[in-house]
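**Student:**
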Amino acid sequence: MTAVVRSHWVNGEVLANHQWTNRLFSLRIKAPLLPFKAGQFVRLQLPIEQAGKSVLVAKPYSLLNAPDDTEVAEVFYNTVPGGALSQALASLRAGDALEVSQPASGFFVLDEVPAAQYLWMMATGTGLGPYLSILKTAQVWKRFEKVILVHGVPLRSELVYADLIQTFSAQHPLQFQFISCVSRDTNPDGLVGRMTTHLASGALEQKAGISINSLTTQVMLCGNHNMLNDMKKMLEERSLQRHLRHKPGHITTEQYF
């Protein structure tokens with residue numbers, strides 16, 4: 033029988049709260065992290081005033097840091113209109129305190145992805161986060177011949193972490209490819225439109241120079257539920273199936289609301 037690991041809270045100190053755009057932020061937190069797997073998430077917790085009372089509010093966020101970096105937690109998040117916690121997180125400054133859940137949780141990790149020749153990592157918005165942690169590990173480069181990261185955003189200014197992504201390209205020029213999809217802006221270096229549209233038209237595979245099929249491909253999907261639902265439907269039409277522990281398949285998902 034597998035032992036149940038109960039989570040607890042540790043104190044964290046904000047080191048930096050970088051603002052990329054009016055709604056996108058990256059928070060770096062000094063906290064004693066337990067060992068974790070790339071792709072897992074923690075919960076961040078803050079006391080927030082609601083109806084005249086201080087209420088503890090928590091929400092899960094994927095870790096961007098590599099598993100061997102256990103002193104600083106980094107998360108990529110967006111503010112939501114009326115979102116009490118996201119607005120509170122955006123107001124944090126260096127030296128402020130918050131709580132971080134331990135250990136990290138989640139199954140959106142490479143150990144849950146079956147073997148294949150090609151790995152497609154597809155994300156919308158802040159769904160990019162867990163992939164950046166995974167790409168910092170040696171495991172992904174040892175397991176797959178090609179790794180294609182696809183990031184879909186509304187505006188070109190939201191194509192963040194460009195320097196880090198360029199580092200992956202420089203370190204693994206024959207293995208790694210990044211494709212951006214911008215739906216409401218120009219995009220000189222990538223595709224204009226939604227990634228679902230470009231999968232349907234064949235433009236996504238043409239850009240990568242690699243086809244998506246059940247014989248060679250594993251797909252990881254991370255982002256909003258509309259993207260996940262549309263992508264799963266289109267991939268299933270190509271005979272790719274959702275991966276389950278008791279029934280191996282080709283599609284591993286993580287939903288961001």
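In this text, residue positions in the sequence shown follow this note's numbering: the first is 33, and each later residue adds one. We treat Cβ as the ideally placed atom computed from N, Cα and C, and that holds for glycine.
Contact defined as beta carbons within less than 8 Å: I believe I180 pairs with A126. What is the distance between those atoms, to the nearest angstrom?
**Tutor:** With 8 Å as the limit, I180 and A126 do not qualify as a contact, their Cβ atoms being about 36 Å apart.
**Student:** Report yes or no: do the region 139-154 and the region 186-206 share at least 3 C-beta pairs separated by less than 8 Å?
**Tutor:** Touching, no.
**Student:** Output the residue ranges of the beta strand (DSSP E) runs that lie fully inside the region 145-228 and measure 3 residues or longer, sorted by chain position.
**Tutor:** Here the runs fully enclosed are 150-156, 178-185 and 208-214.
**Student:** My output table needs one value for E269: the three-state DSSP class, helix, strand or coil.
**Tutor:** Correct three-state label for E269: coil.
**Student:** Please name the residue in T218, I283, T53 and A120 whose C-alpha comes closest to that of Q82.
**Tutor:** The candidate whose alpha carbon is nearest that of Q82 is A120.
**Student:** On the criterion of 16 or more Cβ atoms from any shown chain inside 10 Å, does K85 qualify as buried, or is it exposed?
**Tutor:** Exposed, by the Cβ-count rule.
**Student:** So, with DSSP's three-state summary, where would you put A90?
**Tutor:** Residue state, collapsed to three classes: strand.
**Student:** V74 and L124 - do their beta-carbons sit closer together than 8 Å?
**Tutor:** No, the Cβ-Cβ distance between L124 and V74 is not below 8 Å.
**Student:** Taking M266 as the reference, give the member of V107, K178 and H230 with the closest Cα.
**Tutor:** Ranking V107, K178 and H230 by Cα distance to M266 puts H230 first.
**Student:** Leaving out the 5 sequence neighbours to the left and right, which residues in its chain are closer than 6 Å to Y59 when beta-carbon positions are compared?
**Tutor:** Note that residue 59 corresponds to Leu in the displayed sequence, not to Tyr. N49 and V107.
**Student:** Which complete beta strand (DSSP E) runs does the region 123-147 hold, if anything under 3 residues is left out?
**Tutor:** Qualifying beta strand (DSSP E) stretches, in chain order: 129-134.
**Student:** Taking the alpha carbon of L88 as the point to measure from, which residue in V132, Q72, S94 and P280 has its own alpha carbon closest?
**Tutor:** Ranking the options by Cα distance to L88, first place goes to V132.
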